[in-house]
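Engineer: Residues 1 to 298, numbered by UniProt numbering, are exactly what the sequence shown covers, in order. Even for Gly, the Cβ is constructed at its ideal location relative to N, Cα and C. This structure is a prediction, so every number in the text was calculated from the model and none was measured.
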Amino acid sequence: MMIWEDVKKDFKRYLQLERNLSNNSVEAYLNDVHKLEAYCAYVKKSLEQVDRRTIQQFLIFINDFNISPYTQARLLSGLKTFFAFLQIEYDWSTNPAELLESPRLSRKIPSVLNVQEIDALIGAIDLSTNEGMRNKTILEVLYGCGLRVSELVGLKISNLYLDVEFIKVEGKGNKERLIPVGNQAIKYLKIYLNEVRPLSPAKPGHEDIVFLNRRGAQLTRVMVFLIIKDLAKSIGLTKTISPHTFRHSFASHLVEGGADLRAVQDMLGHESITTTEIYTHIDKDYLQSVITQYHPRS
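(1) Helix, strand or coil for residue 320 per DSSP?
(2) Take Ile157 and list the residues in its own chain whose beta-carbon comes closer than 6 Å to its own, dropping the five residues that flank it on each side.
(3) Let me know the alpha helix (DSSP H) ranges lying completely inside the stretch 200-272, each 4 residues or longer, listed in chain order.
(4) Tell me whether Leu105 sits in a helix, a strand or coil according to DSSP, three-state version.
(5) Does the beta-carbon distance from Ser234 to Ala124 come in below 9 Å?
(6) Taking Cβ positions, are Val33 and Leu100 nearer each other than 9 Å?
(7) Considering just the uninterrupted stretch of the beta strand (DSSP E) at residue 311, what are its terminal residues?
(8) Do you know whose CA, among Ile3, Leu17 and Asn23, lies nearest Gly154's CA?
(9) Would you call Glu151 buried or exposed, if buried means 16 or more other Cβ atoms sit within 10 Å of its Cβ?
(10) Three or more C-beta pairs under 8 Å: does that hold for the stretch 119-135 against the stretch 59-78?
(11) Provide the residue(s) that pair with Lys167 in DSSP beta bridges, ordered along the chain.
(12) Using a Cβ-Cβ cut-off of 6 Å (strictly less than) and excluding sequence neighbours within five positions of Gly132, which residues of its own chain qualify?
(13) Please report the straight-line C-alpha distance between Asp230 and Ser242, rounded to a whole angstrom.
(14) Report the option in Gln57, Leu76, Gln49 and Lys203 whose CA atom is closest to the CA atom of Tyr29.
(15) Would you check if there are 3 or more beta carbon pairs closer than 8 Å linking the stretch 167-187 to the stretch 211-222?
(16) Use the C-beta contact count for Ala38: other C-beta atoms within 10 angstroms, 16 or more gives buried, fewer gives exposed.
(17) CA-CA distance, Leu189 and Glu195?
(18) Round the Cβ separation of Phe246 and Tyr143 to the nearest angstrom and send it over; I've been treating them as touching at under 8 Å.
(19) Need the endpoints of the alpha helix (DSSP H) that Ile138 sits in, please.
(20) Where does Val43 land, buried or exposed, given buried means 16+ other C-beta within 10 angstroms?
(21) Using the C-alpha atoms, what's the distance from His270 back to Leu147?
(22) Output needed for Ser111: all residues of its chain with C-beta closer than 8 Å, excluding positions within five of it in sequence on either side, in chain order.
(23) How is Leu21 classed by DSSP in three states: helix, strand or coil?
(24) What is the rounded straight-line gap between the Cα of Arg262 and the Cα of Val255?
(25) Pop quiz: Phe58 and Leu36 are said to be a contact at Cβ under 8 Å. What is the actual Cβ separation, rounded to whole angstroms?
(26) Could you have a look at Pro69 and say whether DSSP puts it in helix, strand or coil?
(27) Measure the alpha-carbon distance for Arg221 versus His206 and round it to whole angstroms.
(28) Classify Ser252 as buried or exposed, calling it buried when 16 or more other Cβ atoms lie within 10 Å of its own Cβ.
(29) Asn174 to Leu21, Cα distance in whole Å?
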C-alpha cells in the first residue's frame, strides 16, 4: 500500500530536482496534493483507489467552498502533474486527471497606475531616513524593470551590471533573464548601495542581497506589500494596488509608448506572448488608432 507521506516526499524531490521549480511553486503543488489526501481520508479511499471519478467528486466537493475558477484550474493542473509523476516513478498505468477539463477562466484586464499616480507614490516617501531611501530605490526598480516581488526581494548585488545598464534576475522556475535598467533606477541603486545599505551590516547568508531590512536580513514579500499599501494610504489613493501593479504599469506604459511586444515579453519573462498581449487592451489610445486606421467607417 502506498503511503501518502512517502509519495509526497518523492514528489517534492522530483519538483525540486527534475522540474527545477521555485520553493513557492513546490509548496503550491504539495498543497494541492495535501487537499486531495485530506479528501481521500474523508471518503476513506487509499491513493491506489483514486480514479477519474474520485477526482471529479473531489473538485465538486471543493467547489462548495466558493473556491474561484482560477484556483480550481490551478489545483487541477497540480494534480495532473502529480499523477504524471506517479506514472513516471511508480509505474501508474494512467493519469486519472489527464482528461478532466479546467473551468473556463475570464481574462481580466490588470489594474495599472498612470505616471502621475506613480510619481505621487514615490514623491510621498520620506527621503530623510535610511528606510525612505531604500523604499525609493525599491519602487524605482519595481517600476523601472517590471520585476515580480519575488524577483525584487531576491535581487543580488552580483547580478547588477549598472555600468552597462542591465540587471540579471531569477524568475519563475529559476529561469534567468537580463533586463535593461533606466537612469533613475541606476541613480538610486548606486546611492542606496554606497550610502545606505552599509549602515545595516548584512547577516550571514544575506551579503549578496540588495534590499535588506534594519536587521540586515533579506526583505520579505509581505514587507514590500506593506510599504506600498502605506504609501497609497498616505496620498489617498483608492485603487487596490500591490507590488505587481508596478509590473503591470511598467508593461502597459511600454506598450503605450510603442514598444515591440516581443521585447516586452522578454523583459517580463513571459513564456507566451499571449500573456503579454493583454497590455494592448489597456492602451485605449492604441485601440482607437487601430479603429481609425483600419475600419472602413472611420
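Structural biologist: Working from what's here:
(1) A question about residue 320 goes unanswered here, because the residues of the chain that appear run from 1 up to 298.
(2) Working through the sequence shown from its first residue, we reach residue 157 at position 157. Taken in chain order, the residues that qualify are Asp208 and Val210.
(3) 221-234, 243-256 and 261-268
(4) The residue given as residue 105 occupies position 105 in the sequence shown. The predicted model places Leu105 with a pLDDT of 49, which falls under 50 and marks its position as unreliable; any figure quoted below should be read in that light. If DSSP states are grouped into helix, strand and coil, Leu105 belongs with coil.
(5) Looking up residue 234 in the sequence shown gives position 234. Looking up residue 124 in the sequence shown gives position 124. Going by C-beta atoms, Ser234 is nearer than 9 Å to Ala124.
(6) Looking up residue 33 in the sequence shown gives position 33. Looking up residue 100 in the sequence shown gives position 100. No, the pair does not count as a contact, with Cβ atoms beyond the cut-off.
(7) The structure shown has nothing for residue 311, since the chain only spans 1 to 298.
(8) Counting from 1 along the sequence shown, the entry for residue 154 is found at position 154. Checking every option, the nearest Cα to that of Gly154 belongs to Asn23.
(9) Reading the sequence shown from its first residue, position 151 is the one you call residue 151. Result: buried.
(10) no
(11) Residue numbering aside, residue 167 sits at position 167 when the sequence shown is read from its first letter. Note that residue 167 is Ile in the sequence shown here, rather than Lys. Paired residue(s): Leu160 and Ile179.
(12) If you number the sequence shown from 1, residue 132 lands on position 132. Result list for Gly132: Ile125 and Asp126, in chain order.
(13) Position 230 of the sequence shown, counted from the start, is the residue given in the question as residue 230. Position 242 of the sequence shown, counted from the start, is the residue given in the question as residue 242. Going from the Cα of Asp230 to the Cα of Ser242 covers about 11 Å.
(14) Position 29 of the sequence shown, counted from the start, is the residue given in the question as residue 29. Tyr29 has its Cα closest to that of Leu76, out of Gln57, Leu76, Gln49 and Lys203.
(15) no
(16) By 1-based counting over the sequence shown, the position of residue 38 is 38. When all chains shown are included, Ala38 counts as exposed.
(17) As a working note, residue 189 is residue 189 in the sequence shown. As a working note, residue 195 is residue 195 in the sequence shown. C-alpha separation (whole angstroms): 10 Å.
(18) Along the sequence shown, read from residue 1 onward, the residue named residue 246 stands at position 246. Along the sequence shown, read from residue 1 onward, the residue named residue 143 stands at position 143. Between Tyr143 and Phe246 the Cβ distance is about 5 Å, and since that is below 8 Å, they are a contact.
(19) Residue numbering aside, residue 138 sits at position 138 when the sequence shown is read from its first letter. Unbroken alpha helix (DSSP H) run through Ile138: Asn130 to Cys145.
(20) By one-based count along the sequence shown, residue 43 stands at place 43. By the neighbour-count rule (16 or more Cβ atoms within 10 Å), Val43 is not buried but exposed.
(21) Taking the first residue of the sequence shown as position 1, residue 147 is located at position 147. Taking the first residue of the sequence shown as position 1, residue 270 is located at position 270. Computed Cα separation, rounded: 12 Å.
(22) Walking along the sequence shown from the start, residue 111 turns up at place 111. Excluding sequence neighbours, Ser111 sits near Lys239, Thr240, Ile241, Thr245 and His248.
(23) Position 21 of the sequence shown, counting from 1, holds the residue named residue 21. In the structure shown, Leu21 sits in coil (DSSP, three-state: anything other than H, G, I, E or B).
(24) Here residue 262 is taken as the residue at index 262 of the sequence shown, counted from 1. Here residue 255 is taken as the residue at index 255 of the sequence shown, counted from 1. When rounded, the distance between both Cα atoms is 11 Å.
(25) In the sequence shown, counting from the first residue as 1, residue 58 sits at position 58. In the sequence shown, counting from the first residue as 1, residue 36 sits at position 36. Yes, they are in contact, since the Cβ atoms of Phe58 and Leu36 sit about 6 Å apart, within 8 Å.
(26) If you number the sequence shown from 1, residue 69 lands on position 69. Three-state DSSP puts Pro69 in a helix.
(27) Within the sequence shown, numbered from 1, the residue matching residue 221 stands at position 221. Within the sequence shown, numbered from 1, the residue matching residue 206 stands at position 206. Near 15 Å, if we compare the C-alpha coordinates of His206 and Arg221.
(28) Taking the sequence shown and counting its residues from 1, one reaches residue 252 at position 252. It counts as buried.
(29) Position 174 of the sequence shown holds residue 174. Position 21 of the sequence shown holds residue 21. Asn174 and Leu21: Cα-Cα distance of roughly 7 Å.
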